[in-house]
Amino acid sequence: MTRIWPIMAIQNRPTHMGGHQEEVNMKKSLFLGALTAAGLAATGVAAQTLDEVKARGKLNCGVTTGVPGFAEPDANGVWQGFDVAVCRAVAAAVLSDPTAVEFVPTTGKTRFTALASGEIDMLARNTTWTFSRDVDLKFEFTGVNYYDGQGFMVPKELGVSSATELDGATVCIQTGTTTELNLADFFRSNNMSYEPVPIETGAEAVQQYNAGACDVYTTDRSALAAQRANFETPGDHVILPEVVSKEPLGPLVRHGDNEWADIVRWTLNALITAEELGVTSVNLAEMAGGSNNPEINRLLGTEGDLGGMLGLDADWAERAIGVSGNYGEVFEKNIGESTPIGLARGLNAQYYDGGLIYSPPFR
Amino acid sequence: MTTMTDHVAEAPSGSFKLSMLLNDTRYRSLTFQFIALVAIIAFMAFVGGNLVRNLAEAGLNISYAFLGEPAGYDINQRPIEYDSQSSHGRAALVGLINTLIVAFLACITATIFGVIAGVLRLSNNWIVSKLMSFYVEIFRNVPVLIWILIIFSVMINAMPAPRDFRGDDATSSMLFDLFAFTNRGVFAPAPQFTNSFAATAESGPTSTGLDWLLVVGALVLSFFVARAIGSWATAKQEATGDRPTTWYLTLAAWLLPVVLVCMFLGLTWNVPALKGFNFQGGMQVRGSLIALWFALAIYTGAFIAENVRAGILAISKGQTEAAAALGIRPGRIMSLVILPQALRVIIPPLISQYLNITKNSSLAIAVGYMDVTGTLGGITLLQTGRAIETILLLMLFYLTISLLISFFMNIFNNRMKLKER
């Protein structure tokens, strides 16, 4: 909580609630880079992740230690959530069994080590795709399953409908994160003043926000929504439409095993393409019997041999979609507007609906 | 007898041998001091060289260039002009001033708490003395960080939010319509001047450092006039045995110059009012400052109370009895006889307590008070990744502040010391 030994704080610093926005400063990245190299050396350049997973009969998937809606065990101890669905889809495509997943909870600090050392086969955990993680830490981001960004939450009674009305507000913020810089830039560029209340952790920030010590709480929008879902009366708080930073979140794998990276990448793309083509969990069986649309036929394996090219069988995508439906269905079920998290599609709508979700063609 | 001592002190006239460095008591201590010095220098050189080499290997270098770059973050309590485009160096300066503010306030308050509690702990009244030992034992035996957090969360949750002051059915109201006590801090009227040196035709009432300099100048004048009145009264008392009544003269000496300066500057009060999200105008003492200040004061006050008690107990009971035999009242015995002598015992440990307050103020980040550890050692460090540079600079800051406090307190101590002539 306090920084009695500040040098240690660089590496021990509590990360964001979602855990996906802390800065990878140079020291940390060097440290992790070295770990990565060590991990790769230890396991050899694991070009056979697919074979290993098949031999093991289980997919080891790294997830968060618990963010409502994204990855959290339910009352029966079964992992549920938006990120969990990606793990299950990959398991279904590769092992024909969506339950053949060993979920490995990781923290903001342990996640990269776990992936680099081969403890997990893939990481599906609110991780922002950044240059240094991709290049310096030697990971392969296989796509974006959630476009996040820094947002603002205010109590409804304030009657604020836009962040541009926040002139003079008191803002709770986690100190030492990029959110602090984004916040300063946003208010400066809109020519507004504010009073920052710097706070060490997300839990303390929520406490102060609920006590009315600040008018606004700012962090990643998905984290705001998840934390709001745990409030006594979530309906009394509103997340403002403005997004003031880019936080693309997606699954990632180790550098060096391109076959395995392809499988994860195209499983995610299959879910996205299924939504685009109108393939849902309801009509999946019917579509798999063949349709007039050649792309649907290629996706579901009734035409061409895309599955064989990946080293899988022809029905891989059908099984992946069959777990909990297409991308849109997964979104609605876990974090959509009908859930307590209540996130709108926004940037995560399909490109033809004005969003950024866009899969390369299955061809 | 004299020949004996002369003989021992006289150096053997023989030639110097290398073994004498170890075996001869005259050289031995010098030898060991020299070895220790060389060892320390070698160790520092090794550590420093190691640091430089490792940094070079990691592709890093020691550079303070970041101090000139824009900080990019905002600070809520800004005693000097600062915004997010100001440099990291200026952010550090803002933090440093904030550290000094809270340390100064806490030192004064802790001294007041400590003296009161220390004197009352020796009271003959059983309840009062037990209450004071309760205070001392409770507060000095719980870590100061816990006190900071307790006071802060009590403030946050017990005080009304600014929105409770809003509307016709407001649950809270301002004290005399001047002060607002909220969980974001205390809002009070701020003095402003219509004829301020910074005022232009359209700027309205404002205030600058120059105005305040004038006010402080008036107070300094008052101080010397009041002292002159006091010594005049003393001289008169010594000459005639009667002390003239001077309280109205002293009061006038304190009030008149300040009132005149304020009239000249055109004093008005900027009263805080609920506007938008929060109280605007007036001055705000933030909750983080209050929590940190109060926690440091009440915690260190418990230690000072013990110092004061020790100082008083060090004065012989005969002093009290002699003063009482002369017919001096108990309150005056304490202030005229006991405390002046006790100060000699109290001041040296008091210096350590002031240093403790200054260093403990680095716990400020627990409540989000932006002291120098929060700005330079916190946000700047994390945003620039320059850990070694910022920590070295922090050490320099705290060392300088602490040495300055020691320096001035030692001057004070020397003045209070028993003069042996």
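Line order of the protein sequences matches chains A and B. Here the first sequence is numbered in the numbering used here, starting from 30 and rising by one per residue. Here the second sequence is numbered in the numbering used here, starting from 26 and rising by one per residue. We treat Cβ as the ideally placed atom computed from N, Cα and C, and that holds for glycine.
- The residues Cys132, Ile430, Met434, in chain order, have a CB closer than 7 angstroms to that of Tyr379 (chain B) in the same chain once the five nearest residues on each side in sequence are set aside.
- Look at Ile126 (chain B) here: in three-state DSSP terms it is helix.
- With the criterion set as a beta carbon lying under 7 angstroms from some beta carbon of chain A, the segment 268 to 293 of chain B has no members that meet it.
- Secondary structure of Ala277 (chain B) (DSSP, three-state): helix.
- Annotation note: the segment 183 to 229 of chain A contains the following uninterrupted beta strand (DSSP E) runs of length 3 or greater, listed N- to C-terminal: 198 to 203, 223 to 228.
- Between Thr400 (chain B) and Ile100 (chain B), the C-beta gap is smaller than 8 angstroms, which places the two residues in contact.
- Residues of chain A whose Cβ lies closer than 8 angstroms to the Cβ of Gln305 (chain B) are, in chain order, Gly197.
- Using a CB distance cut-off of 8 angstroms, Val226 (chain A) counts as an interface residue toward chain B.
- Listed by position along chain B, the residues whose Cβ is nearer than 7 angstroms to that of Gly241 (chain A) are Ala186, Arg188, Asn208.
- Your pair Leu166 (chain A) and Pro280 (chain A) does not check out as a contact, with CB atoms roughly 15 angstroms apart and the cut at 8 angstroms.
- Contact of Thr247 (chain A) with chain B by beta-carbon distance below 7 angstroms is absent, the smallest such distance being about 12 angstroms.
- For Leu361 (chain B) and Pro187 (chain B), the gap between their C-alpha atoms comes out near 48 angstroms.
- When CB distances to chain A are screened at a threshold of 9 angstroms, the residues of the segment 396 to 414 of chain B falling below it are Thr398, Gly399, Gly402, Gly403, Ile404, Leu406, Leu407, Gln408, Thr409, Gly410, Ala412, Ile413, in chain order.
- Listed along chain B, no residue sits closer than 9 angstroms to Glu358 (chain A) by beta-carbon distance, the nearest being about 40 angstroms off.
- The beta-carbon of Ile181 (chain B) is placed less than 8 angstroms from the nearest beta-carbon of chain A.
- For Gly91 (chain A), the enclosing beta strand (DSSP E) begins and ends at 88 to 92.
- DSSP links Ser274 (chain A) through a beta bridge to no other residue.
- Close partners of Tyr379 (chain B) in chain A (Cβ separation under 9 angstroms) are lacking, with about 21 angstroms as the shortest Cβ gap.
- In this structure, Phe206 (chain B) sits away from Leu290 (chain B), with a CB-CB distance that is not shorter than 8 angstroms.
- At a cut-off of 8 angstroms, the C-beta of Ala213 (chain A) has a neighbouring C-beta in chain B.
- When beta bridges are read from the DSSP output, Gly264 (chain A) appears opposite no residue.
- In summary, Glu305 (chain A) is buried, with 16 or more beta-carbon neighbours lying within 10 Å of its beta-carbon over all protein chains present.
- Contact check for Val359 (chain A) and Ser353 (chain A): beta-carbon distance about 5 angstroms, within the 8 angstroms limit, so the pair qualifies.
- Counting only Cβ-Cβ distances below 7 angstroms, Ser109 (chain B) has contacts in chain A at Ala213, Arg217, in chain order.
- Under the three-state reduction of DSSP output, Pro187 (chain B) falls in the helix class.
- Among the CB atoms of chain A, one or more fall inside 8 angstroms of the CB of Phe302 (chain B).
- The C-alpha of Ala299 (chain A) lies about 14 angstroms from the C-alpha of Ala290 (chain A).
- Going by beta carbons, Pro365 (chain B) and Trp294 (chain B) fall outside the 8 angstroms limit.
- Beta bridge pairing from DSSP links Phe170 (chain A) with A:Leu281.
- When 7 angstroms is used as the limit between beta carbons, Tyr98 (chain B) is near these residues of chain A: Glu209, Leu210, Ala213, in chain order.
- The beta carbon of Glu276 (chain A) does not come within 8 angstroms of any beta carbon belonging to chain B, so the residue lies off that interface.
- For the C-beta of Ile337 (chain B), not a single chain A residue is nearer than 9 angstroms; the gap to the nearest is close to 35 angstroms.
- In this structure, DSSP gives Ile133 (chain B) a helical state, which the three-state scheme calls helix.
- Between the segment 261 to 273 of chain A and the segment 141 to 149 of chain A there are fewer than three C-beta pairs closer than 8 angstroms, too few to call the two in contact.
- Under DSSP, the beta-bridge partners assigned to Ser112 (chain B) are B:Pro95.
- Just so you know, the alpha carbons of Val77 (chain B) and Ala339 (chain B) end up roughly 53 angstroms apart.
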